[in-house]
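Numbering (my numbering), first residue to last: 85 to 341.
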Amino acid sequence: MAEANTGAKLCVRGLTRRFGGLIAVNNVDLELKVGEVHAVIGTNGAGKSTLINMLSGEIAASSGTIALDGIDVTQMPQPRRARAGIGRSYQRTTIFPEFSVLENCRLTAQAQAHPRPWYFWQASRNCTLSNERAHAALARAGLTPHLNAQAGSLSHGAKRQLEVAMCLATGPQVLLLDEPLAGMGAEETERMLGLLQELKAGHAVLLVEHDMDAVFRIADRITVMVNGSVVASGTPDEIRIDPVVRTAYLGEEQAHG
85 MAEANTGAKL CVRGLTRRFG GLIAVNNVDL ELKVGEVHAV IGTNGAGKST LINMLSGEIA
145 ASSGTIALDG IDVTQMPQPR RARAGIGRSY QRTTIFPEFS VLENCRLTAQ AQAHPRPWYF
205 WQASRNCTLS NERAHAALAR AGLTPHLNAQ AGSLSHGAKR QLEVAMCLAT GPQVLLLDEP
265 LAGMGAEETE RMLGLLQELK AGHAVLLVEH DMDAVFRIAD RITVMVNGSV VASGTPDEIR
325 IDPVVRTAYL GEEQAHG
């Protein structure tokens, strides 16, 4: 079923997830647009991870709709959503540490192009398209100098860059990034923020992140969740002065910082 075109690449309406009597995500509306980094913030247990898992298709919504380019994908399983253009990274690194940087990216691209496991492994080294996509993604992520390095030998920040590159190799239109800055030092954080700034030009980016300084620097829009519900959504300047946000989440120091 098609949804009304709002200009959003990904449009979420009334998204809810119940686990028995617990409502983990409650009636969330969200729009992701190309050219914007849309951050979702909230304390632990606010519902951020459940939300991103519903958007990627890893868990089913109890109610509500998710539309990609106006097409309802709410019931679409995760592999089909990925092939339709919804890519994601995870809180914890999900690389193959024993493989090279290039092999990691190439295998991800190959899995996207050929979802049958037997074909995926058989053709992974010989697929020209997957190889081209892998090289292009690694170049965008600034990892070309490390193509042949073992992925497990990379610094923490470079591993996170590799995860973003692996996501890019699948050809996504929407990027769902789950705490990509976690555990990074100042220099690595700056490098990742620069990458996100570049990527938003051609993608709709959802950023779940705990680093508030980084969020307020990079985000074009911020949605604040508390106990599964959205309590505020707006520009960084609007969120800073929102009294509900100041009380529920940011605290006076950050709100006035």
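Built from N, CA and C at the ideal position, the CB exists for glycine as well.
- Message: With H, G and I counted as helix, E and B as strand and the rest as coil, what does DSSP make of residue 122?
- Response: Residue numbering aside, residue 122 sits at position 38 when the sequence shown is read from its first letter. Residue 122 falls in the strand class under three-state DSSP.
- Please report how far the alpha carbon of residue 254 lies from the alpha carbon of residue 310, in whole angstroms. Here residue 254 is taken as the residue at index 170 of the sequence shown, counted from 1. Here residue 310 is taken as the residue at index 226 of the sequence shown, counted from 1. Taking the straight line joining both Cα atoms gives about 32 Å.
- Message: Output needed for residue 264: all residues of its chain with C-beta closer than 8 Å, excluding positions within five of it in sequence on either side, in chain order.
- Response: Here residue 264 refers to the residue found at position 180 of the sequence shown. Shown here for residue 264: same chain residues with a beta carbon closer than 8 Å to its own, the five before and five after excluded, namely 173, 244, 247, 248, 276, 280, 291 and 293 in chain order.
- Message: Please classify residue 159 as buried or exposed, where buried requires at least 16 neighbouring CB atoms within 10 angstroms.
- Response: Working through the sequence shown from its first residue, we reach residue 159 at position 75. Classification of residue 159: exposed, given that the 10 Å Cβ count is below 16.
- Message: Between the stretch 146-155 and the stretch 215-223, can you find at least three pairs of beta-carbon atoms closer than 8 Å?
- Response: Cβ pair count under 8 Å is below three, so no.
- Task: Could you give the DSSP three-state label for residue 265: helix, strand or coil?
- Result: In the sequence shown, residue 265 corresponds to position 181, counting from 1. Reduced to three states, the DSSP call for residue 265 is coil.
- Task: Out of 187, 167, 240 and 134, point me to the one whose CA is closest to residue 257's CA.
- Result: Locating residue 257 in the sequence shown gives position 173, where the first residue counts as 1. When each option's Cα is compared against that of residue 257, the closest is 167.
- Work out the CA separation of residue 300 and residue 145 for me, nearest whole Å. Within the sequence shown, numbered from 1, the residue matching residue 145 stands at position 61. Within the sequence shown, numbered from 1, the residue matching residue 300 stands at position 216. Their Cα atoms are separated by approximately 29 Å.
- Message: Using the Cβ count rule (16 or more neighbours within 10 Å means buried), how would you classify residue 94?
- Response: Numbered from its first residue, the sequence shown carries residue 94 at position 10. Counting of Cβ neighbours within 10 angstroms places residue 94 among the buried residues, the total reaching 16 or more.
- Beta-carbon proximity check, residue 133 vs residue 260, cutoff 8 Å: Along the sequence shown, read from residue 1 onward, the residue named residue 133 stands at position 49. Along the sequence shown, read from residue 1 onward, the residue named residue 260 stands at position 176. In this structure, residue 260 does not lie closer than 8 Å to residue 133 by Cβ.
- Can you check whether the CB of residue 136 is closer than 8 Å to the CB of residue 262? Here residue 262 refers to the residue found at position 178 of the sequence shown. Here residue 136 refers to the residue found at position 52 of the sequence shown. Their beta carbons are under 8 Å apart, which means residue 262 touches residue 136 by this criterion.
- CB contact flag (residue 235, residue 252, <8 Å): For this step, residue 235 is matched to residue 151 along the sequence shown. For this step, residue 252 is matched to residue 168 along the sequence shown. The answer is no: Cβ separation not under 8 Å.
- Task: Evaluate residue 190 with the Cβ neighbour count: other Cβ atoms within 10 Å of its Cβ, from every protein chain shown; 16 or more gives buried, anything less gives exposed.
- Result: Here residue 190 refers to the residue found at position 106 when the sequence shown is read from its first residue. Burial call: buried.
- Query: Between residue 233 and residue 185, what straight-line distance do the alpha-carbon atoms span, to the nearest angstrom?
  - Reply: Counted from its first residue, the sequence shown places residue 233 at position 149. Counted from its first residue, the sequence shown places residue 185 at position 101. Rounded to the nearest angstrom, the two C-alpha atoms are 6 Å apart.
- Are residue 312 and residue 124 close, meaning C-beta to C-beta below 8 Å? By 1-based counting over the sequence shown, the position of residue 312 is 228. By 1-based counting over the sequence shown, the position of residue 124 is 40. The Cβ atoms of residue 312 and residue 124 do not sit closer than 8 Å to each other.
- Should residue 176 and residue 138 be called a contact, given that it needs their Cβ atoms to be closer than 8 Å? Against the sequence shown, residue 176 aligns to sequence position 92. Against the sequence shown, residue 138 aligns to sequence position 54. No; because the gap between Cβ atoms is not below 8 Å, this pair is not in contact.
- Task: Mind checking which residues open and close the beta strand (DSSP E) that includes residue 316?
- Result: As a position in the sequence shown, residue 316 is number 232, starting the count at 1. According to the DSSP assignment, residue 316 belongs to the beta strand (DSSP E) that extends over 313-318.
- Euclidean distance between Cα positions of residue 229 and residue 221: The sequence position of residue 229 within the sequence shown is 145, counting from 1. The sequence position of residue 221 within the sequence shown is 137, counting from 1. Taking the straight line from one Cα to the other gives about 13 Å.
- Message: In this structure, how does DSSP classify residue 27 when only helix, strand and coil are distinguished?
- Response: This structure does not reach residue 27, given that the chain is present from 85 up to 341, and the question cannot be answered.
- Item | Test item: CB-CB of residue 273 and residue 122 under 8 Å | Within the sequence shown, numbered from 1, the residue matching residue 273 stands at position 189. Within the sequence shown, numbered from 1, the residue matching residue 122 stands at position 38. Note that the C-beta distance between residue 273 and residue 122 is not below 8 Å.
- Can you say whether residue 192 is buried or exposed, counting buried as having 16 or more other CB atoms within 10 angstroms of its CB? As a first step, residue 192 is located in the sequence shown; it is residue number 108 there, counting from the start. Buried, since its Cβ has 16 or more Cβ neighbours within 10 Å.
- Quick one: what does DSSP say residue 336 is sitting in, helix, strand or coil? For the purposes of this step, residue 336 is taken as the residue at position 252 of the sequence shown. Because residue 336 carries a pLDDT of 47, less than 50, the predicted location of this residue cannot be relied on, and the following value inherits that uncertainty. Look at residue 336 here: in three-state DSSP terms it is helix.
- Three-way DSSP call (helix, strand, coil) for residue 183 in this model: Sequence index remark: in the sequence shown, residue 183 carries index 99 (1-based). Of the three classes helix, strand and coil, the one that applies to residue 183 here is coil, per DSSP.
- Message: Residues in the same chain with beta-carbon distance under 8 Å from residue 126, minus the five sequence neighbours each way, listed in chain order, please.
- Response: On the sequence shown, position 42 is the one that residue 126 refers to. Excluding residues within five positions, the ones whose Cβ falls inside 8 Å are 132, 308, 309, 310 and 333.
- So residue 115 is in the beta strand (DSSP E); what residue range does that whole segment cover? Residue 115 sits at position 31 when you count from the first residue of the sequence shown. Counting along the chain, residue 115 sits inside the beta strand (DSSP E) bounded by residues 106-116.
- For residue 149, the first and last residue of its enclosing alpha helix (DSSP H): Locating residue 149 in the sequence shown gives position 65, where the first residue counts as 1. Where residue 149 is concerned, there is no enclosing alpha helix (DSSP H), although the beta strand (DSSP E) around it starts and stops at 147-152.
- Query: Does DSSP classify residue 234 as helix, strand or coil?
  - Reply: Residue mapping note: residue 234 aligns to position 150 of the sequence shown, counting from 1. Of the three classes helix, strand and coil, the one that applies to residue 234 here is strand, per DSSP.
- Query: Quick one: what's got a C-beta closer than 8 Å to residue 329's C-beta in the same chain, skipping five residues either side?
  - Reply: On the sequence shown, position 245 is the one that residue 329 refers to. Excluding sequence neighbours, residue 329 sits near 308, 315, 316, 323 and 339.
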